[in-house]
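I have placed the structure first, in the form of structure tokens, so that the comments after it can refer back to it.
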Amino acid sequence: MLKSQLKFVLAIILFSNLLKAQDEVNPYKKLTKQFIGAVKRNEPYKNYRFFDTTFYGRSIEQQTDKTIQRFIKKNGPIVAIEKTELDTQGCKMAAATSIRVKDGKYLWYHYYDQGSYITRFEIDTFSKQWFYIPEPVANVNYTKREILLQPNGFIQLPGTLYLPNTPKKCPVVIMVHGSGPHDRNCSFGKNKIFQDIALQLVQKGIAVFLYDKRTYVYQYIDPFPMDSMDYNSETIEDAVEAFYVIKKIKELDSNRVFIAGHSQGAMCAPLIAKQCKGLKGLVLMAAPGRSLLEIIPEQLDYVLTTVEAEDKEESEKIHNAIKWQVKNALKPDLILKSKVLLPFGAKAKYWLFDRNYKVLEEGKKLSLPIVLLQGGRDYNVTKKDYDLWIEAMKGKPNFKSYWFENLDHMFFEGSGKAKPADVLNIGHVSKSIGDRIGEFVTGTK
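Residue numbers for the sequence shown, in this note's numbering: -2 to 442.
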């Protein structure tokens, strides 16, 4: 009896040591512990090697150092470094580490690029949920397949196909991101918008393809310099490439391929459709009906109404600076070679495309089935845009729309005045969205 008990204890010890060894071997966990260890030993100067040597890398290093110094000044030095967990975010990785100070615990988040350099650092209060947790899946009869897009000889975009395990060829939806650098799951904080939608649809027998956006994969590096970027190189070319790659997969019905664009992805959808021969239909989610240059000032004015009184003055300065840049982008004499400050670091080519693009005119030319989904709590794309779409598509039998009063820009349910920080609250895409997309896909023959 004693001998068997000893064997059991030894087995537990060996298993525990094995897990610990695996934990230490994982390169991202090891890097994270080394970084925090240097801070704990008051040797932060050793952490320069965790940032690349570009202008952006050094800027991120300075921001990270300031964040840590403010934290230590307020909370005191690190007493202990506890567990680290990882979350794969497309082709990159995020690490969350529980650290202890005198008065409690906090979570330190490190976001790494493909070269294992830190691209973002954040500190959050301690909580039980560190990363995204999907909703329970009723039907787990599906597989995931990795697929690489190569829209040209210099660009490679990894993606994931959610494929129902069915003997019949199934329809497929390709998800297209909104503005900004997004991973394939459209991750925000502890939420993954596109993964929510993929899991809802794959349970209905509909395949879904998600891919890392070009501005995410090549966020600060060539071969995708900002000077060359417009809607084509940022979004349209890659969505078109995804369409033709997906059509060739034998388990999928090549005659039932759909594009679902969110926000700016929906704005680009009519131009994507023009280049996708045989596309079955479009799903427009929070689709702008105007140029971004017209929408941005409205977004800034709304956000200012949500800012606390003590932060309003500083926020107004930032917002006024962006509005001034918008005015620069709208000047009649703007040309490709113009050397003026423009919104969000994008160059003249980008904003010339935006202001000349008439999305509603392009939408009206399409004859394929289109469904528009819009949330009533969305302040990024508002009822003004929804109404513009309704008016533009009036009388067209290929168009239908749905208004969801209690949903925001990410199609999360909520109430009251929507705020920018809402996207960081833990939530999931409303099942009504998966239901409407599912009905549209299965009902389009």
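Ideal Cβ positions, reconstructed from N, Cα and C, are used throughout, including at glycine.
Check, Outcome
"Is it buried or exposed, leucine 363, if we count other Cβ atoms within 10 angstroms and call 16 or more buried?", "buried"
"Use the C-beta contact count for asparagine 188: other C-beta atoms within 10 angstroms, 16 or more gives buried, fewer gives exposed.", "buried"
"With 7 Å as the threshold, decide whether the Cβ of serine 312 is near any Cβ in chain C.", "Structure shown: chain C not included; a single protein chain is present."
"Starting from cysteine 167, follow its DSSP beta bridges and name the residues at the other end.", "Leu249"
"So what does aspartate 121 bridge to, in DSSP terms?", "Leu104"
"In the structure shown, what three-state DSSP assignment does tyrosine 114 receive?", "coil"
"My guess is that leucine 281 and glycine 258 are in contact by the Cβ rule of under 8 Å, so how many angstroms apart are they, rounded?", "6 Å"
"Report the start-end ranges of each alpha helix (DSSP H) in the segment 23 to 102 that is 4 residues or longer and not cut off at the edges.", "24 to 37, 52 to 72"
"Verify whether the separation of the beta carbon atoms of tyrosine 159 and arginine 181 is less than 7 Å.", "no"
"I need the DSSP call for glutamate 295, collapsed to helix, strand or coil.", "helix"
"In the DSSP assignment, what residue or residues form a beta bridge with glutamate 410?", "Leu404"
"Would you call the segment 366 to 377 and the segment 405 to 417 in contact, with 3 or more CB pairs under 8 Å?", "yes"
"Would you say the segment 251 to 267 touches the segment 143 to 150, given that touching needs at least three Cβ pairs under 8 Å?", "no"
"Is phenylalanine 206 helix, strand or coil when you go by DSSP?", "strand"
"Find the nearest neighbour of asparagine 72 within the set Glu410, Lys355, Asp121, judged by alpha-carbon distance.", "Asp121"
"Taking all protein chains shown into account, do 16 or more other C-beta atoms lie within 10 angstroms of the C-beta of tyrosine 228, making it buried, or fewer, making it exposed?", "buried"
"From asparagine 422 to proline 155, what does the alpha carbon distance come to, in whole angstroms?", "28 Å"
"Hey, quick one: how far does the alpha helix (DSSP H) through glycine 431 stretch, first residue to last?", "428 to 440"
"Cβ of cysteine 167 within 7 Å of Cβ of alanine 135?", "no"
"Between the segment 327 to 344 and the segment 378 to 390, do three or more beta carbon pairs fall short of 8 Å?", "no"
"Buried or exposed for valine 337, please, with buried defined as at least 16 other CB atoms from any protein chain shown within 10 angstroms of its CB.", "exposed"
"Would the beta-carbon of serine 429 fall within 7 Å of that of aspartate 351?", "no"
"Tell me whether histidine 259 sits in a helix, a strand or coil according to DSSP, three-state version.", "strand"
"For asparagine 23 and alanine 92, I'd like the C-alpha separation in whole angstroms.", "11 Å"
"Closest by CA to proline 366, which one among Thr29, Val438, Met226?", "Val438"
"In terms of alpha-carbon separation, which member of Gly392, Lys393, Pro394, Ser398 lies closest to lysine 380?", "Ser398"
"In this structure, what does DSSP give as the bridge partners for asparagine 395?", "Paired residue(s): none; asparagine 395 is not in a bridge."
"Enumerate, from N- to C-terminal direction, the unbroken alpha helix (DSSP H) stretches of 4 or more residues contained entirely within the segment 288 to 352.", "289 to 301, 306 to 327"
"Give the range of the beta strand (DSSP E) segment to which glutamine 192 is assigned.", "From DSSP, glutamine 192 is part of no beta strand (DSSP E) but of the alpha helix (DSSP H) over 190 to 199."
"If the criterion is Cβ atoms closer than 7 Å, does the pair arginine 117 and tyrosine 129 meet it?", "no"
"Closest by CA to leucine 333, which one among Tyr347, Lys320, Arg211?", "Tyr347"
"Just to confirm the assignment, what range does the alpha helix (DSSP H) spanning glutamate 359 have?", "356 to 361"
"Considering only residues of the same chain and omitting the five flanking positions on each side of lysine 210, which have a CB-CB separation below 7 Å?", "His174, Pro178, His179"
"I'd like to know whether the C-beta atoms of lysine 26 and threonine 81 end up nearer to each other than 7 Å.", "yes"
"What do you get for threonine 157, buried or exposed, if any count of 16 or more other CB atoms within 10 angstroms of its CB means buried?", "buried"
"Under a three-way DSSP split, which group does arginine 142 fall into?", "strand"
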